[in-house]
Amino acid sequence: MKLHPVLKRWEGVLALLLVAEILLFGALNPVFLQPSMLLYATSDFIHVGITALALTLVIITGGIDLSVGSVMGLSAITLGILWVGGVDIWLAAVAALAVGTLGGVFNAVAIHLSKVNPLVITLGTGFLYGGAALVLSGLAGATGYEGISNFDPAFVNLANLEVVGLPLPFALFLALTVGFMALLHRTRFGRYVYLIGQNPRAAAYAGTPVFRTLVVAYALTGLMAALSGLILASYFGSARSDFGSTALMPAITAVVLGGTSIYGGSGTILGTALAALLVGYLQTGLQLVGVSSHVSSALSGGLLVIVVALRSLSEMGRVWLQHRRVLRNVAAE
Numbered sequence: 003m004k005l006h007p008v009l010k011r012w013e014g015v016l017a018l019l020l021v022a023e024i025l026l027f028g029a030l031n032p033v034f035l036q037p038s039m040l041l042y043a044t045s046d047f048i049h050v051g052i053t054a055l056a057l058t059l060v061i062i063t064g065g066i067d068l069s070v071g072s073v074m075g076l077s078a079i080t081l082g083i084l085w086v087g088g089v090d091i092w093l094a095a096v097a098a099l100a101v102g103t104l105g106g107v108f109n110a111v112a113i114h115l116s117k118v119n120p121l122v123i124t125l126g127t128g129f130l131y132g133g134a135a136l137v138l139s140g141l142a143g144a145t146g147y148e149g150i151s152n153f154d155p156a157f158v159n160l161a162n163l164e165v166v167g168l169p170l171p172f173a174l175f176l177a178l179t180v181g182f183m184a185l186l187h188r189t190r191f192g193r194y195v196y197l198i199g200q201n202p203r204a205a206a207y208a209g210t211p212v213f214r215t216l217v218v219a220y221a222l223t224g225l226m227a228a229l230s231g232l233i234l235a236s237y238f239g240s241a242r243s244d245f246g247s248t249a250l251m252p253a254i255t256a257v258v259l260g261g262t263s264i265y266g267g268s269g270t271i272l273g274t275a276l277a278a279l280l281v282g283y284l285q286t287g288l289q290l291v292g293v294s295s296h297v298s299s300a301l302s303g304g305l306l307v308i309v310v311a312l313r314s315l316s317e318m319g320r321v322w323l324q325h326r327r328v329l330r331n332v333a334a335e
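In case it helps, my numbering puts the sequence shown at residues 3 to 335.
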């Protein structure tokens, strides 16, 4: 029996799973099927999807960035500190985005110069950025739960604006998905990203600008994490150092569930975008039917473990079939 063309691509499977998930939670609670519910529920998790889009580039190169959650908090606190200091809210937002971008650049430079595994470097910088956010928050006299508030109403209302009938954060996510798809799949930079992930040494020998490509990939990840921090600040009407503290695991889950190999060399932006919605609606749906946030977070972590294990087994099976095919050809000769 031949598979339907849609099912031959992992993105097609994810799309069907997303529809099935929505219908399942809709059967358990009809409120979940309301269009307004589906659209505005994305505001609770769209920051994860935006960060995951850029994180896909880093993971395809064979790297990882564990500092994205801390960058969200640091960018939000930077915004708050500057606003309290009398800086225009939009200039403060630009500065916060710059801080996140520089954080990503620092990650890439540290990885390149130290030759240490990206996991170790970004784990360390995650603590560094998180600590910096806490220090700045303390200097501003902001408490953990309240943070820095009283922002310009124009900034706070951004999260509630609509674009062609869609919540602004969700519309931004869709636009960024298209942009990152073009960047990864239609540009020379995208080809460099795949080449580095497949074999960084061979890519360097072939003249690929490895360091420059990694800097751009990590810088974009820092920028998107900072943007996510600003979206959270607008959504909640305050800036807190713990923004993003629960975003790392869902973001990595979205990237890996979306089909990106945790070992690098393969992956798609569309897969990540669909997986981000799948993971986000999973958490929203579980909470809507009465499951606590702690349990839903645990399920997301379990989903990540299962996906990585299944993809590893799939890769082992593919290699075994290739070896078997080669041995058959040799025997036939």
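For glycine and all other residues, C-beta sits at the position ideal for the given N, C-alpha and C.
Predicted, not measured: the structure shown is a model, and the values here were computed from it.
Range covered by the alpha helix (DSSP H) that runs through residue i
i: threonine 215; result: 212–238
i: asparagine 109; result: 91–116
i: glutamine 36; result: Segment: none, glutamine 36 is in no alpha helix (DSSP H) and carries neither H nor E.
i: glycine 287; result: 271–290
i: phenylalanine 129; result: 120–141
i: threonine 338; result: Here the chain has residues from 3 to 335 only, and residue 338 is not among them.
i: phenylalanine 27; result: 12–30
i: threonine 53; result: 48–62
i: alanine 206; result: 202–207
Check: residue i C-beta below 6 Å from any heavy atom of the ligand MN
i: glycine 106; result: Within the structure as shown, the ligand MN is missing, as the structure has no ligands at all.
Three-state class that DSSP yields for residue i in the structure shown
i: alanine 184; result: helix
i: aspartate 67; result: coil
i: tyrosine 42; result: helix
i: isoleucine 264; result: coil
i: serine 77; result: helix
i: valine 297; result: helix
i: threonine 189; result: coil
i: serine 72; result: helix
i: glycine 246; result: coil
Residue i classed as buried or exposed, judged by whether at least 16 other C-beta atoms fall within 10 angstroms
i: methionine 3; result: Because methionine 3 sits at a pLDDT of 45, beneath the cut-off of 50, its placement in the model cannot be relied upon, and the point is left open.
i: threonine 189; result: exposed
i: glycine 260; result: buried
i: alanine 29; result: exposed
i: tryptophan 85; result: buried
i: leucine 225; result: buried
i: leucine 141; result: exposed
i: arginine 242; result: buried
i: arginine 214; result: exposed
i: alanine 43; result: buried
Minimum C-alpha distance to residue i - residue among the options
i: alanine 235; options: Pro171, Arg188, Leu259; result: Pro171
i: glycine 51; options: Val33, Glu164, Ala173; result: Ala173
i: leucine 280; options: Val257, Asp90, His114; result: Val257
i: asparagine 31; options: Gly106, Ala311, Thr44, Leu288; result: Leu288
i: arginine 11; options: Leu272, Thr179, Phe238, Phe108; result: Leu272
i: glycine 64; options: Val165, Ala100, Val195; result: Val195
i: glycine 266; options: Asp154, Ala112, Leu68, Pro202; result: Pro202
i: serine 263; options: Gly292, Pro252, Thr248, Val309; result: Val309
Which residues DSSP lists as bridging residue i, in chain order
i: glutamate 164; result: Pro169
i: alanine 241; result: Ile150
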